[in-house]
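Participant: This is the structure I want to talk about, given as structure tokens.
Protein chains: 2
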Amino acid sequence: MNTDEVPYKTYLTEAELPTAWYNLRADMKKKPAPLLNPGTLKPVTAEELEHVFCKELVRQELDDTTQFIPIPDEVQKFYRMFRPSPLIRAYFLERALGTPAKIYYKFEGNNTSGSHKLNSAVAQAYYAKAQGLKGVTTETGAGQWGTALSMACAFFGLDCQVYMVKCSYEQKPFRREVMRTYGADVTPSPSMKTKIGRAINEAHPGTTGSLGCAISEAVEAAVTQDGYRYVLGSVLAQVLLHQSIIGLEAKAAFDKLGVKPDLVIGCAGGGSNLGGLIAPFMGEKLRGEADYRFIAVEPASCPSFTRGRYAYDFCDTGKVCPLQKMYTLGHDFIPSANHAGGLRYHGMSATLSELYDQKLMEARAVEQTSVFAAAEQFARVEGILPAPESSHAIRVAIDEALRCKEEGKAETILFGLTGTGYFDMVAYQKYNDREMGDYIPSDEELAASFAKLPKV
Amino acid sequence: MNTDEVPYKTYLTEAELPTAWYNLRADMKKKPAPLLNPGTLKPVTAEELEHVFCKELVRQELDDTTQFIPIPDEVQKFYRMFRPSPLIRAYFLERALGTPAKIYYKFEGNNTSGSHKLNSAVAQAYYAKAQGLKGVTTETGAGQWGTALSMACAFFGLDCQVYMVKCSYEQKPFRREVMRTYGADVTPSPSMKTKIGRAINEAHPGTTGSLGCAISEAVEAAVTQDGYRYVLGSVLAQVLLHQSIIGLEAKAAFDKLGVKPDLVIGCAGGGSNLGGLIAPFMGEKLRGEADYRFIAVEPASCPSFTRGRYAYDFCDTGKVCPLQKMYTLGHDFIPSANHAGGLRYHGMSATLSELYDQKLMEARAVEQTSVFAAAEQFARVEGILPAPESSHAIRVAIDEALRCKEEGKAETILFGLTGTGYFDMVAYQKYNDREMGDYIPSDEELAASFAKLPKV
């Protein structure tokens with residue numbers, strides 16, 4: 001272990017922090033396919049989207065040509081609360097593995113939301129405030145996005161209405177209380193506050209809800225209240241844009257160290273952290289300036305990239321949001337028995353889907369018991385208790401480092417450590433008690449789900 | 001708000017990190033009184049202490065003359081995982097208060113244990129390993145110390161046996177699971193594993209335990225197993241020594257910025273974080289090189305400094321540990337209804353007690369509802385959800401900043417933000433639901449407790 005080579009942690013100075021987000025789509029020759037209006041199946045217009053989303057965010061969503069978009073001054077100030085995040089050299093993990101590989105990770109968990117979600121939440125809350133809105137509505141499953149948005153809204157003095165999937169609301173009371181401490185109004189979904197919520201409660205008495213239903217309630221709440229818009233924490237191009245701060249900081253830190261990664265690894269649910277982490281590296285690859293390998297890691301129980309179809313599909317089970325061309329398991333697919341709530345999404349960012357389809361990125365599916373084994377090993381040597389989602393990236397980073405050991409190669413690996421696992425101890429307990437299982441959907445199950453893909 | 005003046009966060013570079021702990025006692029003309037053997041009431045000898053504690057830690061405990069003690073290389077490496085901690089300028093809090101005061105805080109919560117406890121845990125685990133021990137035993141109440149020690153033991157490959165107060169074990173299953181994830185053996189106390197645990201269970205069937213009982217079990221487990229010693233996370237001089245890393249880093253960062261604080265504020269339970277934070281500043285004051293105000297903040301429900309006696313007392317209710325001269329409420333005093341578990345200790349560090357007795361430091365007691373109001377205000381503008389313990393310091397920092405506003409003074413305030421509140425959401429929920437009360441012990445209650453002080 002040679003700690004003289006590069007520091008254990010590299011922090012950019014505040015003067016070195018990025019002042020603009022990087023819009024990866026601007027460098028893609030073949031762009032992601034346009035979003036479609038779910039009613040007309042024609043490309044959505046800005047005007048249509050502005051009923052649901054903030055004006056400036058719609059502009060960002062539809063802009064696939066501007067390379068850099070300035071970060072507003074107030075957002076830059078907020079970023080200073082928790083950014084720069086450190087680029088960490090995993091000396092202790094390297095030592096434990098006995099690998100010649102040099103492993104780095106960009107740690108996004110050092111903020112109260114516990115994840116990278118805050119990067120986009122503060123941007124979205126800022127634009128809502130700048131537009132003169134009263135508040136925003138959203139849904140949350142695992143709770144990281146809801147927490148991040150609550151923090152951002154508290155800061156800008158915006159009302160924040162969170163529809164939290166009822167089973168999470170009841171099983172994760174601490175997440176709920178963090179949101180309440182930040183002044184958010186947290187409603188278990190399905191609720192009696194919305195038309196769609198009341199209808200679902202009537203049709204399915206005692207239901208514990210779903211993310212799709214919570215999205216539909218949040219959207220209804222946004223369009224039926226004056227001065228409200230709906231915001232979303234993943235999947236959308238605007239979210240990947242804001243998350244590019246992760247990759248930009250990582251790249252700036254590597255440049256400062258004079259290091260170039262060979263391989264960039266991230267977990268992928270809707271794709272927001274992976275899209276943000278790889279953005280500037282992928283940009284260099286697209287422009288022919290450098291080459292990198294990229295690996296998206298997903299749960300074997302929800303394998304959008306590795307077993308999904310590249311097709312237009314609904315983003316939500318309620319079918320109220322625009323259709324997106326993406327790798328998808330079908331909007332009715334229900335992933336089972338996976339403790340990484342943030343990765344249990346049937347689809348994938350359109351931008352990442354297009355890059356994957358162009359073979360610019362690899363994908364790998366991993367089983368959750370092997371993910372928790374990696375999480376435990378990492379926690380014990382690197383001192384950070386990782387979120388189950390993030391641990392998917394750890395699993396593959398370890399696997400690749402062991403491959404390097406076998407092949408005698410000193411490759412440089414970067415992975416994204418998106419968050420901490422403090423609110424995931426129920427999952428850790430299952431693992432500690434050896435009560436955790438794996439689940440892989442059958443081909444028949446997927447075929448049935450694919451059969452319901454919309455005909456576009 | 002002028003963010004150009006000094007950065008929002010100041011991090012030392014790894015080359016600037018302290019390489020030795022500072023032993024504040026070396027600069028005290030009148031030293032803290034010696035520990036007494038609970039059997040003979042004579043000053044304890046190193047030999048007596050070595051049955052219970054590691055050899056090198058005993059040496060540190062009894063050394064009140066060496067000014068700087070080198071930090072072992074392996075401990076310095078471990079520190080790099082989570083140190084330096086940032087010195088943060090609370091620009092957003094200043095703006096919210098409209099105060100001319102300049103507020104800084106040293107944030108120790110950016111590690112998986114969630115608090116400053118890891119600073120001493122890694123040192124104690126290192127010395128245990130260096131002595132060739134198999135493992136260590138300890139007790140934990142709120143769970144921060146147990147978590148920190150589990151992390152340190154996992155790193156050094158030491159067995160870690162934690163006796164966790166039974167009511168905490170049951171009410172805080174997530175804390176327990178973090179410890180288990182780090183490989184610790186966590187036993188609810190009183191247990192059937194020790195003689196004293198069995199006796200207590202027999203005398204009080206169904207008891208939910210106490211910290212005093214857990215200490216007694218942990219000490220028994222240490223002295224009855226070959227190759228084990230007992231370790232403690234607060235109160236002792238050795239712990240304050242290790243925690244001096246907090247103050248040394250803070251002072252180095254201030255020196256780098258060319259800033260000198262007027263006032264240093266910290267919460268005080270057993271005194272470990274406060275003693276560590278103030279150490280180098282108090283050293284300058286003792287040596288006549290500079291002057292500072294210091295304020296220890298304690299809960300009104302457990303007011304050791306502000307209403308206690310300066311006397312020899314037992315450190316534990318089981319009376320197995322040495323007696324210490326300290327500000328104490330009496331070893332039988334049971335503080336009620338306070339959610340800051342880490343501050344519910346009847347006594348106080350002997351070093352801090354002596355400094356307070358010499359009027360080198362002030363103390364203030366605050367009520368918990370006003371503490372949670374400060375926590376909420378802080379969380380919403382500074383973006384960090386503070387631990388209830390740490391929020392005692394926030395309360396007084398805000399009060400002092402408001403005094404500065406009234407008096408039109410631009411004083412520089414430093415406070416210690418010792419940890420995060422992720423595992424304290426039950427308390428936050430009580431506050432959010434306006435179900436939290438205050439509790440102040442009566443004079444009669446304290447008089448009854450003082451009557452049981454040992455006659456020394």
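Chains A and B, in that order, are what the protein sequence lines are.
With our numbering as the guide, the letters of the first sequence map in order to residues 1 to 456.
With our numbering as the guide, the letters of the second sequence map in order to residues 1 to 456.
Beta carbons are placed, not taken as given, at the ideal position from N, Cα and C, and that holds for glycine.
#1: Say whether the region 389 to 398 of chain A touches the region 138 to 151 of chain B, bearing in mind that this needs 3 or more beta-carbon pairs closer than 8 Å, one atom from each stretch.
#2: Assess, as a yes-or-no matter, whether the region 256 to 271 of chain A is touched by the region 287 to 301 of chain A under the definition of 3 or more beta carbon pairs within less than 8 Å.
#3: Let me know the secondary structure DSSP gives M1/A once reduced to three states.
#4: What's the gap between the Cα of C213/A and the Cα of A199/A?
#5: Sorted by chain position, which residues of the same chain lie with C-beta nearer than 6 Å to L352/B's C-beta, five sequence neighbours on each side aside?
#6: Between which two residues does the beta strand (DSSP E) carrying G461/A extend?
#7: Which term fits G39/B, buried or exposed, when burial requires 16 or more other beta carbons within 10 angstroms of its beta carbon?
#8: In this structure, does DSSP put Y428/B in helix, strand or coil?
#9: If you scan the region 274 to 356 of chain B from start to end, which runs of the beta strand (DSSP E) of 3 or more residues do you find wholly inside it?
#10: Quick test of your reading: I246/B and K106/B, contact by CB under 8 Å. State the CB separation rounded to the nearest angstrom.
#11: Can you pull the chain B neighbours of E466/A, defined as C-beta to C-beta under 7 Å?
#12: I want to verify the contact list: residues of chain A whose CB lies under 9 Å from the CB of I384/B, in sequence order.
#13: Provide the residue span of the alpha helix (DSSP H) that contains T138/B, from first to last.
#14: Kindly list, in the order they appear in chain A, the residues whose Cβ is closer than 9 Å to that of Y422/B.
#15: Could you tell me whether the Cβ atoms of Y345/B and L453/B are closer together than 9 Å?
#16: Please list the terminal residues of the continuous beta strand (DSSP E) segment that includes Q161/B.
#17: Can you tell me whether D185/B is helix, strand or coil according to DSSP?
#18: Assign E47/A to buried or exposed, taking buried as 16 or more other Cβ atoms, counted over all protein chains shown, within 10 Å of its Cβ.
#19: Is the CB-CB distance between E139/B and V162/B below 9 Å?
#20: Apply the 10 Å Cβ neighbour rule to A374/B and answer buried if 16 or more other Cβ atoms are within range, or exposed otherwise.
#21: Hey, quick one: how far does the beta strand (DSSP E) through R229/B stretch, first residue to last?
#22: Name, in chain order, the residues that DSSP records as bridge partners for K106/B.
#23: Using a beta-carbon distance below 9 Å, is K9/B in contact with chain A?
#24: Comparing alpha-carbon positions, which option in E389/B, L402/B and T306/B lies nearest M361/B?
#25: Report yes or no: is there a C-beta of chain A within less than 9 Å of the C-beta of R380/B?
#26: Comparing alpha-carbon positions, which option in D226/B, G330/B, A340/B and Y356/B lies nearest A387/B?
#27: What residues are listed by DSSP as bridge partners for G169/B?
#28: Which of the three DSSP states is assigned to S115/A in this structure?
#29: To which residues does DSSP link L41/B through a beta bridge?
#30: Does DSSP put G266/B in a helix, in a strand, or in coil?
#31: Interface residues of chain B around Y182/A at Cβ under 9 Å?
#32: In its own chain, which residues sit with a C-beta less than 6 Å from the C-beta of P441/A, not counting the 5 before and 5 after it?
#33: For the alpha helix (DSSP H) that contains R434/A, what are its first and last residues?
#34: Tell me whether the beta-carbon of R25/B lies closer than 9 Å to the beta-carbon of A290/B.
#35: In chain B, what lies closer than 7 Å to A154/A by C-beta?
#36: Is there at least one Cβ from chain B nearer than 9 Å to K166/A's Cβ?
Facilitator: From the atom records:
#1: no
#2: yes
#3: Stepping through the first sequence from its first residue, residue 1/A is reached at position 1. Note that M1/A has pLDDT 44, beneath the 50 cutoff, so the model's placement of it is unreliable and no number is given.
#4: What you label residue 213/A is simply residue 213 of the first sequence in a count that begins at 1. What you label residue 199/A is simply residue 199 of the first sequence in a count that begins at 1. Approximately 11 Å, taken between the alpha carbons.
#5: Working through the second sequence from its first residue, we reach residue 352/B at position 352. Excluding residues within five positions, the ones whose Cβ falls inside 6 Å are G271 and G275.
#6: Only positions 1 to 456 of chain A appear in this structure, which leaves residue 461/A out of reach.
#7: Locating residue 39/B in the second sequence gives position 39, where the first residue counts as 1. Answer is exposed; the Cβ neighbour count stays below 16.
#8: Here residue 428/B refers to the residue found at position 428 when the second sequence is read from its first residue. In this structure, Y428/B counts as helix in the three-state DSSP scheme.
#9: 293 to 299, 309 to 314 and 323 to 328
#10: If you number the second sequence from 1, residue 246/B lands on position 246. If you number the second sequence from 1, residue 106/B lands on position 106. That pair is a contact at about 6 Å.
#11: Residue 466/A is absent from the structure shown; chain A starts at 1 and stops at 456.
#12: As a position in the second sequence, residue 384/B is number 384, starting the count at 1. Per Cβ cutoff of 9 Å: M81, F82, N111 and T112.
#13: Numbered from its first residue, the second sequence carries residue 138/B at position 138. It is not in any alpha helix (DSSP H) - T138/B instead sits in the beta strand (DSSP E) that spans G135 to T140.
#14: If you number the second sequence from 1, residue 422/B lands on position 422. Within chain A, the residues near Y422/B are T112, G114, F174, V178, T420, Y422 and F423.
#15: By one-based count along the second sequence, residue 345/B stands at place 345. By one-based count along the second sequence, residue 453/B stands at place 453. No.
#16: Your numbering for residue 161/B matches position 161 in the second sequence. Taken as a continuous stretch (DSSP letters only), the beta strand (DSSP E) holding Q161/B covers D159 to V165.
#17: Translated into the one-based positions of the second sequence, residue 185/B becomes position 185. Strand.
#18: Taking the first residue of the first sequence as position 1, residue 47/A is located at position 47. E47/A should be labelled exposed.
#19: By one-based count along the second sequence, residue 139/B stands at place 139. By one-based count along the second sequence, residue 162/B stands at place 162. Going by C-beta atoms, E139/B is nearer than 9 Å to V162/B.
#20: Sequence index remark: in the second sequence, residue 374/B carries index 374 (1-based). Burial call: buried.
#21: Here residue 229/B is taken as the residue at index 229 of the second sequence, counted from 1. Here the beta strand (DSSP E) through R229/B covers Y228 to Y230.
#22: The residue labelled residue 106/B in the question sits at position 106 within the second sequence. BP columns for K106/B point to L87/B and G416/B.
#23: As a working note, residue 9/B is residue 9 in the second sequence. Yes, its Cβ sits closer than 9 Å to a Cβ of chain A.
#24: Numbered from its first residue, the second sequence carries residue 361/B at position 361. Of E389/B, L402/B and T306/B, the residue nearest in Cα terms is T306/B.
#25: The residue you call residue 380/B lines up with position 380 of the second sequence. Chain A, which has a Cβ nearer than 9 Å to the Cβ of R380/B, makes this yes.
#26: Within the second sequence, the letter at position 387 stands for residue 387/B. If we check each option's Cα against that of A387/B, A340/B comes out closest.
#27: Residue numbering aside, residue 169/B sits at position 169 when the second sequence is read from its first letter. Per the sequence shown, residue 169/B should be read as Tyr rather than Gly. Bridge partners of Y169/B: none, in fact.
#28: Position 115 of the first sequence, counted from the first residue, corresponds to residue 115/A. Strand, per DSSP.
#29: Along the second sequence, one-based indexing puts residue 41/B at 41. Answer by DSSP bridge pairing: none, since L41/B is not bridged.
#30: Locating residue 266/B in the second sequence gives position 266, counting from the first residue. Of the three classes helix, strand and coil, the one that applies to G266/B here is strand, per DSSP.
#31: Position 182 of the first sequence holds residue 182/A. Those within 9 Å of Y182/A in chain B are E376, A379, R380 and L385.
#32: For the purposes of this step, residue 441/A is taken as the residue at position 441 of the first sequence. There are no such residues.
#33: Here residue 434/A corresponds to residue number 434 of the first sequence, with the count starting at 1. It is not in any alpha helix (DSSP H) - R434/A carries neither H nor E in the DSSP assignment.
#34: The residue given as residue 25/B occupies position 25 in the second sequence. The residue given as residue 290/B occupies position 290 in the second sequence. No. Outside cutoff.
#35: Here residue 154/A corresponds to residue number 154 of the first sequence, with the count starting at 1. Neighbours of A154/A on chain B, chain order: R380.
#36: Along the first sequence, read from residue 1 onward, the residue named residue 166/A stands at position 166. Not one chain B Cβ lies under 9 Å of K166/A.
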